[in-house]
Each structure stands twice: as structure tokens, then as C-alpha cells.
Amino acid sequence: MPIEYVEERNKGNYLTRTRVSLDSIIQCFNEGMSPETILAEFEGLTLAQVYGAIAYYLEKQPAIDAYLLRQQKRFAESRQGLESLPESLHLRIESARTQLRQGHSD
């Protein structure tokens with residue numbers, strides 16, 4: 033029985049039994065990273081999982097590329113929505129981010 037390296041979960045594709053999205057692996061792969069370099073980026077994965085994810089992508093590349101393009105468009109639309117928020121809300125959000133970075137929970 034073949035090993036399944038990728039599973040569909042929460043409307044996305046993930047490496048089986050991990051929190052690592054296929055999107056993340058493919059982005060690294062498309063940026064020219066070797067499987068060994070990708071492995072170093074994601075703690076807890078095995079080299080077999082990385083190769084399995086890449087093989088899965090290459091086998092279904094047209095469908096996955098279309099999915100990734102849709103995801104990029106959704107992200108851009110969400111970002112545009114955030115940019116149209118009132119300035120006062122932007123300031124509150126930025127203040128909260130700053131506090132989180134500094135380790136405050138106020």
C-alpha cells in the first residue's frame with residue numbers, strides 16, 4: 033500500500049499528520065530550494081515527506097498551481113479589505129502588534 037504524504041484538511045492540503053501546508057513546501061520548491069534545504073526549514077519533517085510532497089505536487093501540478101493562484105487572489109483581496117479600514121483601527125491594530133512583540137498582554 034503506497035504511503036500518502038499529503039492530505040486534504042480544513043480546505044487546504046497538508047503533509048499527512050503535520051501542520052505543514054503543501055503550499056509552504058511548494059513555495060520553497062518553486063523558489064529553487066533543494067529538498068534538503070526545504071527539510072531544514074521545517075522542523076519535524078523527514079526527507080521522505082518533503083520528496084513525497086514534491087512528487088504529489090508534480091503529479092497534480094496544473095490543479096495545485098490553479099489552487100495556489102486562487103489562494104493568492106483571496107489573500108490580496110483580504111489585504112485590500114484591511115487597507116480600507118479606518119485609520120484609527122489601523123493604529124489600534126498596530127499598537128496591539130507592538131505589544132505582542134514586546135511580550136505584553138495588556
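Per our numbering, the sequence shown runs over residues 33 to 138. Heads up, the beta-carbon is just placed ideally off N, CA and C, and yes, glycines get one too. All figures in this text were calculated on a predicted structure; none of them were measured in a lab.
How is Tyr99 classed by DSSP in three states: helix, strand or coil? helix
Among Val38, Arg124, Pro34, whose alpha-carbon lies nearest the alpha-carbon of Leu90? Val38
Please tell me whether Ile57 and Val82 are closer than 8 Å, where the distance is taken between their beta carbons. yes
Under 8 Å, do Pro67 and Leu79 count as touching if we go by C-beta distance? yes
DSSP bridge partner residues for Arg41 (one or two, in chain order): Gly44
Comparing the CB of Gly113 with every heavy atom of the ligand MN, is any distance shorter than 7 Å? In the structure on display, the ligand MN does not appear, and there are no ligands present to speak of.
3-residue-minimum beta strand (DSSP E) runs that sit fully inside the stretch 68-131, ordered along the chain: none
I'd like to know whether the C-beta atoms of Leu2 and Asn42 end up nearer to each other than 8 Å. Here the chain has residues from 33 to 138 only, and residue 2 is not among them.
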